[in-house]
Amino acid sequence: MNNEERDGLLRDLSDALAALQTSQSIATLDGLADHLERLAPSYRFHAVLIRGAMARKDHGALTVQLIQVLAKLERGVR
């Protein structure tokens, strides 16, 4: 993942987190989970957890996963 892709993903994840916190909307997370599945295994795991939380409509678990992925990206985990 190059810097431009990383920055775009950071922006998309931040936007999704803000939407989740303000409107409890989870509609945008399917595309983000798809994107995470195409990254390294450490991100694929989060995609699986996000999809499971979406199925359960567990906003707390979704929030945690988004924050964890944001932290990984900011640390530069590949």
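Position one of the sequence shown corresponds to residue 69 (our numbering), numbered consecutively onward.
C-beta: ideal position from N, C-alpha, C; glycine also.
Cβ neighbour criterion (16 or more within 10 Å) applied to residue i
i, result
"GLN133", "buried"
"ALA86", "exposed"
"ALA121", "buried"
C-alpha gap between residue i and residue j, whole angstroms
i, j, result
"THR131", "ILE118", "9 Å"
"LEU88", "HIS127", "7 Å"
"LEU107", "ASP83", "19 Å"
"MET69", "ARG146", "8 Å"
8 Å contact criterion, which residue i and residue j should meet: CB distance rounded
i, j, result
"SER110", "LYS140", "7 Å"
"LEU78", "LEU100", "At roughly 11 Å, the Cβ-Cβ gap does not stay under 8 Å, so LEU78 and LEU100 are not in contact."
"GLN136", "HIS114", "6 Å"
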